[in-house]
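First residue of the sequence shown? That's 84 in the working numbering, and the numbers climb one at a time after it. Note that CB positions come from ideal geometry on N, CA and C, so glycine has one too. On a predicted model such as this, the values are computed, not experimentally measured, just so you know.
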Amino acid sequence: MSDGTSQTLCKSERLNSMTLIGRLFNEPGNRATTVFPVRAIYKIVEREADTPAVRVLMSVPKRKLHHAVDRNRVKRQLREAYRKQKALLADEMESHEDKQLLVAFVWLEEAVRSSATVENSVSRLMNRIKESL
Numbered sequence: 084m085s086d087g088t089s090q091t092l093c094k095s096e097r098l099n100s101m102t103l104i105g106r107l108f109n110e111p112g113n114r115a116t117t118v119f120p121v122r123a124i125y126k127i128v129e130r131e132a133d134t135p136a137v138r139v140l141m142s143v144p145k146r147k148l149h150h151a152v153d154r155n156r157v158k159r160q161l162r163e164a165y166r167k168q169k170a171l172l173a174d175e176m177e178s179h180e181d182k183q184l185l186v187a188f189v190w191l192e193e194a195v196r197s198s199a200t201v202e203n204s205v206s207r208l209m210n211r212i213k214e215s216l
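Take a look at the structure:
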């Protein structure tokens, strides 16, 4: 991890713009990779001024986990796993000053998994994304 990258997940690093979410899911050119129980969908877009190099979205479908407490727990696990290892992607994207990486982590399992399993899956996904950049 580089010295300048903190292990926080700021609001500006979260993907919450409907326009960018639409570009990630609806426009051609996105890529996806899966390490069960998580799928990562990602795309490189033009970077706007004063925005972080990587923006992330966590999605846990109600169809997979019916109880809100379970969905919230899984989202918390995904955020924590990403936050601990976000320097992998942030350092890679800093070389692309005019590009921004949009990533959506989507939960695929119908049960809650341990935090260690989630962290392992997210780590492997982030390494795959880094290799494909």
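Bounding residues of the beta strand (DSSP E) (the contiguous stretch that carries residue i)
{"i": "Glu129", "result": "121-129"}
Coarse secondary structure for residue i, derived from DSSP in three states
{"i": "Ala132", "result": "coil"}
{"i": "Leu208", "result": "helix"}
{"i": "Leu161", "result": "helix"}
{"i": "Ser85", "result": "With a pLDDT of only 47 at Ser85, under 50, the local geometry of the prediction cannot be trusted, and the value read off the model is given with reservation. Of the three classes helix, strand and coil, the one that applies to Ser85 here is coil, per DSSP."}
Where the alpha helix (DSSP H) containing residue i begins and where it ends
{"i": "Ala173", "result": "170-176"}
{"i": "Lys145", "result": "Here Lys145 belongs to no alpha helix (DSSP H), and DSSP marks it neither H nor E."}
{"i": "Arg38", "result": "Since the first residue shown for the chain is 84 and the last is 216, residue 38 is missing from the structure and cannot be characterised."}
{"i": "Leu103", "result": "101-109"}
Burial state of residue i (16 or more Cβ within 10 Å)
{"i": "Gln160", "result": "buried"}
{"i": "Lys126", "result": "buried"}
Nearest-angstrom Cα separation, counted from residue j out to residue i
{"i": "His179", "j": "Ala136", "result": "8 Å"}
{"i": "Ala170", "j": "Arg146", "result": "32 Å"}
{"i": "Val201", "j": "Ala164", "result": "7 Å"}
{"i": "Glu193", "j": "Ser142", "result": "13 Å"}
{"i": "Ile104", "j": "Ser198", "result": "26 Å"}
{"i": "Thr116", "j": "Asn99", "result": "21 Å"}
Can you give, in chain order, each stretch of the alpha helix (DSSP H) that sits fully within the region 173-203 and has at least 4 residues? none
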